[in-house]
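Down below is the structure, laid out as structure tokens.
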Amino acid sequence: MSDNGRALRSKSTVTSSTETYDVLPSPVSFAAPSSTFPQEAINILAPGSKLPGLMPTELTLLRQKQRKLAKNASSTLSLCTSKHIRNALNATLIFAQYEAGSAVCIDPAGWILTCSHCFGDDEEEYRTAEKRRWLLFYTGLAVQVECRQWDRIRDLALLKILAIESDTGKEGGIPTFSFVPRSPRAPTHRAPIVCIGQPGRDDLESTSSRRTKYNLVEVSEGMFRGMIPGANPDENSDIGTLKHDAWTYWGHSGAPLLLEEDGTLIGLHSSWDDETTMRHGIPLVAIKHFLQERMTVAAGRSTLTSAEP
536 MSDNGRALRS
546 KSTVTSSTET
556 YDVLPSPVSF
566 AAPSSTFPQE
576 AINILAPGSK
586 LPGLMPTELT
596 LLRQKQRKLA
606 KNASSTLSLC
616 TSKHIRNALN
626 ATLIFAQYEA
636 GSAVCIDPAG
646 WILTCSHCFG
656 DDEEEYRTAE
666 KRRWLLFYTG
676 LAVQVECRQW
686 DRIRDLALLK
696 ILAIESDTGK
706 EGGIPTFSFV
716 PRSPRAPTHR
726 APIVCIGQPG
736 RDDLESTSSR
746 RTKYNLVEVS
756 EGMFRGMIPG
766 ANPDENSDIG
776 TLKHDAWTYW
786 GHSGAPLLLE
796 EDGTLIGLHS
806 SWDDETTMRH
816 GIPLVAIKHF
826 LQERMTVAAG
836 RSTLTSAEP
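Using my numbering, you'd call the opening residue of the sequence shown number 536 and step up by one each time.
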């Protein structure tokens, strides 16, 4: 899964912003409770707490990732040269466990999309899998999520934030999360795109056990390469029907694919073709159908404020 000339911004293949940030934009803010639009309560945990649902080794790995993310947050943000892509970075999350994985927030109430195979490759694996996981924003901010809906055919899963590790917002404020809107239309062929996600730590191309040197969050660019001809866009269980050529690695599953011009969501990266090296993903239309079918079940009512394509 080599670079093959793909643009990875941290490798200086594109010009990064020289802007520095004394205060990083936070992925979360806190608002006063609303009786008009009541939201599911989100638990606020003090920083450094013993996070629920984690074994000691898992908590250690989370803290290691957290420290590395916080250390590199400013340089990661500098890779995003527009306000739209900076917002998308703020809305992107990575799985804290060893197996990696990526995700994106699509609603300020804390609804998140990722690939279903991040929770299990089939029904049996999903049934026995832990439904609650810890994810991290690029700043190192930790949130606990729960998988509320899982669709193996579309390769999509809908998650909800249950808890956040934060030293703010304890005075009754409601967490409001950065999110990316869905694009109101399908992308044109060869439209410039950006992908934000987590490369895995193991070098799968090495004949010996070796770690990669990638950052925990990488920003890459490429183009939308159309769809698999004749494929059902809702059938993504074997390989994603969307095609793109932005750089990815294992661990990028669930990473948002965004139009470079406005930062709107056109799909999620999910897979690649080892014969053609083409990257594949779940298209916007499958995401739309999934949310139309599953959001009401997951939330009791549709709360999504993102643009409806």
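Glycine included, every Cβ here is placed at the ideal spot set by N, Cα and C.
- Membership of glutamate 658 in the alpha helix (DSSP H) is indicated by the continuous run 658-663.
- Secondary structure of cysteine 653 (DSSP, three-state): helix.
- The residues Thr711, Phe712, Phe714, Thr840, in chain order, have a CB closer than 7 Å to that of proline 643 in the same chain once the five nearest residues on each side in sequence are set aside.
- Cβ-Cβ separation between glutamine 684 and alanine 692: approximately 7 Å, consistent with a contact (criterion under 8 Å).
- Beyond the five residues adjoining it in sequence on each side, histidine 619 comes within less than 7 Å, by CB distance, of Asp797, Gly798 in the same chain, given in chain order.
- Taking a contact to require three or more Cβ pairs closer than 8 Å, the segment 781-798 and the segment 762-771 do not qualify as touching.
- Histidine 619 carries a helical assignment under DSSP once its states are collapsed to helix, strand and coil.
- For serine 613, no beta strand (DSSP E) segment is defined; the enclosing uninterrupted segment is the alpha helix (DSSP H) at 591-613.
- For leucine 777, same chain residues with a beta-carbon under 7 Å away, outside a window of 5 residues either side, are Met762, Gly802, His815, Gly816, Ile817, Pro818 in chain order.
- Just so you know, the alpha carbons of arginine 621 and cysteine 615 end up roughly 5 Å apart.
- Here arginine 689 has Asp769, Asn771, Ala821, Phe825 as same chain residues with Cβ atoms under 6 Å from its own Cβ, once five neighbours each way along the sequence are excluded.
- DSSP places histidine 779 in the strand class (E or B) of the three-state scheme.
- Put simply, the backbone Cα of glycine 789 is about 31 Å away from that of proline 568.
- If you draw a straight line from the Cα of serine 564 to the Cα of threonine 592, it comes to about 30 Å.
- Rounded to the nearest whole angstrom, the CA to CA distance from proline 560 to glycine 636 is 23 Å.
- The three-state secondary structure of arginine 829, taken from DSSP, is helix.
- For cysteine 653, the closest of Glu634, Val639, Ile641 by C-alpha to C-alpha distance is Glu634.
- Non-local beta-carbon contacts of glutamine 601 in its own chain, meaning distances under 7 Å to residues more than five positions away in sequence, involve Leu671, Gly675, Ala677 in chain order.
- The distance from the Cβ of leucine 586 to that of leucine 594 is about 6 Å, consistent with a contact at the 8 Å cut-off.
- The continuous beta strand (DSSP E) containing tryptophan 669 extends over residues 667-672.
- Between proline 764 and alanine 605, the alpha-carbon positions lie close to 42 Å from each other.
- In the displayed model, asparagine 750 falls within coil according to three-state DSSP, outside both helix and strand.
- 8 Å or more divides the Cβ of aspartate 702 from the Cβ of alanine 608.
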